[in-house]
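To convert a position in the sequence shown, counted from 1, into this note's numbering, add 1. A virtual CB, placed ideally from N, CA and C, is assigned to each residue, including glycine. This structure is a prediction, so every number in the text was calculated from the model and none was measured.
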Amino acid sequence: MRPDAEEKLFGIEPKWFNRERGPMSFGFEHGDGWASLVEGLLRLAQTRRAAWVGLPQDNPFAPGRFEVRQVLRAPGQTVAAGTTAGATAGMLRFIFVGGDEAFREAAREAEVASGQICEECGQPGSTGPWKHGRLRTLCGRHGGAP
Ligand SMILES: [Zn+2]
């Protein structure tokens with residue numbers, strides 16, 4: 002992700018992310034095309050968090066950090082089996098503790114939507130084999146299936 006786009010997402014609620022260690026210390030590893038999906042979820046979390054228990058409001062060591070990952074390969078999954086073995090491989094994965102059912106539903110919807118959005122540019126795309134046995138969601142212009 003472009004550094005300015007990444008900082009914009011981190012800046013929505015910096016305390017929700019552990020940038021010192023763990024997966025988010027590497028930043029958002031997907032491309033800019035999914036930034037609006039992630040931003041939408043973070044904005045939704047902001048509007049709903051007052052009612053939530055377990056989400057760190059100010060304590061950087063509390064459980065419930067947000068992690069945004071791209072699942073490149075499901076455990077035990079092969080590329081050939083990709084379309085059936087792991088629905089989330091090659092797609093956005095939004096990990097958090099706390100929240101409520103409405104937010105979890107929105108997160109699931111965003112994850113599903115990411116399977117049809119090129120992670121690089123935000124144009125329509127599809128999830129498929131990429132390189133080194135990994136799966137990614139890309140448009141034809143960025144190396145996905147046309
Ligand atoms: Zn693209």
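Beta strand (DSSP E) segment containing residue i, residue limits
{"i": "Gly34", "result": "Per DSSP, Gly34 belongs to no beta strand (DSSP E) and is neither H nor E."}
{"i": "Arg137", "result": "136-139"}
Among the options, nearest to residue i - alpha-carbon criterion
{"i": "Gln117", "options": "Leu93, Trp131, Lys132, Arg44", "result": "Leu93"}
{"i": "Glu121", "options": "Trp35, Leu136, Glu110", "result": "Trp35"}
{"i": "Glu40", "options": "Arg22, Glu8, Gly134, Arg20", "result": "Glu8"}
{"i": "Gly32", "options": "Ala146, Leu10, Arg44", "result": "Leu10"}
{"i": "Leu42", "options": "Pro125, Leu136, Ile13", "result": "Ile13"}
{"i": "Gln124", "options": "Ser37, Gly23, Trp17", "result": "Ser37"}
{"i": "Arg135", "options": "Lys16, Gly91, Gly23", "result": "Gly91"}
Assumed close pair residue i, residue j - CB separation to whole angstroms, cut-off 8 angstroms
{"i": "Met2", "j": "Phe27", "result": "Rounded, the Cβ-Cβ distance is 11 angstroms, inconsistent with contact."}
Boundaries (first-last residue) of the alpha helix (DSSP H) holding residue i
{"i": "Pro125", "result": "It is not in any alpha helix (DSSP H) - Pro125 carries neither H nor E in the DSSP assignment."}
{"i": "Ile118", "result": "Per DSSP, Ile118 belongs to no alpha helix (DSSP H) and is neither H nor E."}
{"i": "Gly12", "result": "4-13"}
Below 8 angstroms, can you find three or more Cβ-Cβ pairs linking the segment 38-51 to the segment 99-112?
yes
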